[in-house]
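Participant: Counting along the sequence shown from 1, when you hit position 442 you're at 444 in the working numbering, and nothing is skipped either side.
The beta-carbon is built from N, C-alpha and C at its ideal position, and this holds for glycine as well.
Just dropping this structure here.
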Amino acid sequence: MIIPVIMAGGSGTRLWPMSRSQYPKQFLPLVNATTMLQDTCSRLNGMETGSPLVICGEDHRFTVAEQLRQIDESSGSILLEPAGRNTAPAVALAALQLLQENQQGQEPVLLVLAADHVIKDVDAFQQAVTVAAGHAEADKLVTFGIVPDAPETGYGYIRQGDALAGAYRVAEFVEKPDLETAQGYLNEGGYVWNSGMFMFKASRYLAELEQYRPDILAACKLAMEQAQVDRDFVRPQAEAFLNCPDESIDYAVMEKTSEAVVVPMDCGWNDVGSWSALWDVAEKDAEQNVKIGDVISHNTHNSYIRSDSKLVATVGVDNLVIVESDDVIMVASQDSVQDVKQIVAELKQQQRSETQCHRKVYRPWGYYDSIDNGDRFQVKRIVVKPGGQLSLQMHHHRAEHWVVVSGTAKVTKGDETYLVSENESTYIPLGVKHRLQNPGSIPLEMIEVQSGSYLGEDDIVRFDDSYGRE
């Protein structure tokens, strides 16, 4: 049975300001109406695969669960890495978990995919996976190589060896080349880009890892032996995993094994590692502009212009990236978009929140949007999905005023429980235990006005929470 293992970690800082640490690029609809994680799952439709196992961080677990629910994708486990340790340990955790889940059944064949790749030709992708599955069943460790169409210096390369059935033995992994070397690879042929996608039996990967990096395997085994399961979430033991070395699959296994096979894939692949890469894959108008949202342009060429909330108007510009989000406007030359991460680094140094979250913040019960704030007050629009409820909580430094705009709120305040209907309001004093619930069948929308000496999100003392948060 082929089990997709989707790696959904990472912060995607080069796509700031849309991609932020609490809501990175893999959870955003950057290419079409669905998110990149959803696209990754959907391109497997029609293939005989099991439910995907998604690997992500603790902070993103509810986002993953909700986005899978939105596309009616029944997830297997959602495996929560205590910290990022690169792909070799992450896939080892997945292999151990899937072997545990399939003790009595057919051994799982892992199809390891990144959640943030663009693939335009889904048929070509699926055909390559079918070829790879045959080699994986024959105990090969398969990687997918992208047929190059340019002398790209931003990717590693794989040199193809002897031909196999629809594939090649891996002759050599090659580091990112300079332009002259990359052009030589393109002219010579027989070189493909290293995509970072893999396919192999779970036990076969673990056996190779034990041979070449037993320290990684030992740490992962210990972490999984002490793992805790909470609903669909699997939490490896943190201390054991934090002792695991940081290493990629390429360095840990694929460059060392004698059983590596590469399947060429010509499928319109892009890892969208920058705004210019998004411009490359998007549909353009006659002036070679990509325009998303409320955008008006005059005498504008070769630009990527994206608006999420405001009208963006451009006149007489060329080769720019302009991104407007709810709280940031970013303007960059197409030739300098790789340096966006320098802005992110400076914002982090200044401890600014714009690197972490958007104005709209998603929670397992719904979301809130910070509308306004000032000295000693903050205004939020809160939307609670049907059946959702916030934790039973208390604040030391703020009081809250709630006005219901639509739907019905079930409010717990101290020892009281009561309903608040549309156009009604209630008040939660400082220091009082309270909870907000939506008992109805439509979303509950309300306006919250916070007032007090400190309004940070860390001023929450939780006494009970349906979603396992502390």
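Should the stretch 288–297 be called in touch with the stretch 132–140, which here means at least 3 C-beta pairs below 8 Å?
Facilitator: No, the stretch 288–297 does not touch the stretch 132–140.
Participant: DSSP puts Q230 in a beta bridge; with which residues?
Facilitator: Note: Q230 sits in a beta bridge opposite R237.
Participant: Rounded to a whole number of angstroms, what is the C-alpha to C-alpha distance between S116 and G198?
Facilitator: The amino acid at residue 116 is misidentified as Ser; the sequence shows Ala. Roughly 8 Å separates the two Cα atoms.
Participant: Could you spell out the range, first to last residue, of the beta strand (DSSP E) harbouring F411?
Facilitator: One detail in the question is off: residue 411 reads as Ala in this sequence, not Phe. Unbroken beta strand (DSSP E) run through A411: A411 to K415.
Participant: What are the complete alpha helix (DSSP H) segments, minimum 4 residues, inside the stretch 298–375?
Facilitator: As far as the stretch 298–375 is concerned, its whole alpha helix (DSSP H) runs of at least 4 residues are 342–351.
Participant: Which of helix, strand or coil does DSSP assign to Q40?
Facilitator: Helix, per DSSP.
Participant: Output the residue ranges of the beta strand (DSSP E) runs that lie fully inside the stretch 86–172 and measure 3 residues or longer, sorted by chain position.
Facilitator: Runs found: 111–116, 143–148 and 159–166.
Participant: What number of angstroms, rounded off, separates the C-alpha of G433 from the C-alpha of H399?
Facilitator: Answer to the nearest angstrom: the Cα atoms are 8 Å apart.
Participant: State the DSSP-derived secondary structure class of R464, mapped to helix, strand or coil.
Facilitator: R464 falls in the strand class under three-state DSSP.
Participant: Let me check understanding here. Comparing Cα to Cα, which of D374, D466, Q99 and A279 lies closest to V231?
Facilitator: Residue Q99 is the option with its Cα nearest to V231.
Participant: Between the stretch 147–154 and the stretch 187–197, are three or more C-beta pairs nearer than 8 Å?
Facilitator: Contact holds: three or more Cβ-Cβ distances are below 8 Å.
Participant: What residue range does the beta strand (DSSP E) around V7 cover?
Facilitator: It spans I4 to M9 - the beta strand (DSSP E) in which V7 sits, taken as one unbroken run.
Participant: Which of the three DSSP states, helix, strand or coil, is assigned to M49?
Facilitator: DSSP places M49 in coil when its eight states are reduced to three.
Participant: Rounded C-beta distance between I5 and A94? I'm assuming under 8 Å.
Facilitator: In fact, because the Cβ distance is near 15 Å, the residues do not count as touching under 8 Å.
Participant: Less than 8 Å between the CB atoms is what I'm expecting for S393 and D461, so what's the real figure, rounded?
Facilitator: Not quite, the Cβ-Cβ distance comes to about 13 Å (not below 8 Å), so this is no contact.
Participant: Can L207 and A97 be called in contact, C-beta distance under 8 Å?
Facilitator: Leu is not the amino acid found at residue 207; the sequence shown has Tyr there. The answer is yes: Cβ separation under 8 Å.
Participant: Per DSSP, E262 forms a beta bridge with which residues?
Facilitator: Reading the sequence as shown, one finds Ala at residue 262 and not Glu. Looking at the DSSP assignment, A262 forms a beta bridge with L143.
Participant: Label D1 either buried or exposed according to how many other C-beta atoms from any shown protein chain fall within 10 Å of its C-beta, with 16 as the threshold for buried.
Facilitator: Only positions 3 to 472 of the chain appear in this structure, which leaves residue 1 out of reach.
Participant: Could you give the first and the last residue of the continuous beta strand (DSSP E) run that contains G198?
Facilitator: Here the beta strand (DSSP E) through G198 covers Y193 to K203.
Participant: Apart from the five residues just before and just after H300, which ones in its own chain have a Cβ nearer than 6 Å to its Cβ?
Facilitator: Hits under 6 Å: V317.
Participant: Roughly how many whole angstroms lie between the Cα atoms of E485 and R437?
Facilitator: This structure gives no information on residue 485, because the portion of the chain shown stretches from 3 to 472.
Participant: Tell me whether the beta-carbon of K2 lies closer than 8 Å to the beta-carbon of P441.
Facilitator: Since the first residue of the chain shown is 3 and the last is 472, residue 2 is not available in this structure.
Participant: Taking the alpha carbon of D118 as the point to measure from, which residue in W271, N47, E109 and Y157 has its own alpha carbon closest?
Facilitator: Selected option, being the one with the closest Cα: W271.
Participant: Which one of G416, K435 and V406 has the shortest CA to CA distance from V422?
Facilitator: Checked all of G416, K435 and V406; the closest Cα to V422 is V406.
Participant: Hey, how far is the Cα of T37 from the Cα of G136?
Facilitator: Rounded to the nearest angstrom, the two C-alpha atoms are 30 Å apart.
Participant: Are the beta-carbon atoms of S250 and T89 separated by less than 8 Å?
Facilitator: Yes, the pair counts as a contact, with Cβ atoms nearer than the cut-off.
Participant: Grab me the residues of A126's own chain with a C-beta within less than 7 Å of its C-beta, minus the 5 sequence neighbours each way, in chain order.
Facilitator: Contacts found: M267, D268 and C269.
Participant: Expressed to the nearest angstrom, what Euclidean distance is found between the alpha-carbon atoms of T65 and R365?
Facilitator: Looking at the two C-alpha atoms, the distance is approximately 8 Å.
Participant: Do K343 and T15 have their CB atoms nearer than 8 Å?
Facilitator: Yes; because the gap between Cβ atoms is below 8 Å, this pair is in contact.
Participant: So, helix, strand or coil for K293, using DSSP?
Facilitator: Of the three classes helix, strand and coil, the one that applies to K293 here is strand, per DSSP.
Participant: How many Å lie between V346 and W18 at the Cα?
Facilitator: Each residue's alpha carbon lies about 7 Å from the other.
Participant: Report the rounded CA-to-CA distance for Q452 versus S408, giving the unit in angstroms.
Facilitator: Their Cα atoms are separated by approximately 20 Å.
Participant: Between the alpha carbons of V264 and P247, how many angstroms are there, rounded?
Facilitator: Answer to the nearest angstrom: the Cα atoms are 26 Å apart.
Participant: According to DSSP, R400 sits in a beta bridge with which residue or residues?
Facilitator: DSSP output for R400 lists G454 as bridge partner(s).
Participant: Roughly how many angstroms lie between the CA atoms of A284 and V274, to the nearest whole one?
Facilitator: Answer to the nearest angstrom: the Cα atoms are 11 Å apart.
Participant: Would you kindly check if the distance between the Cβ of I57 and the Cβ of E83 is under 8 Å?
Facilitator: Yes, these two residues count as a Cβ contact at 8 Å.
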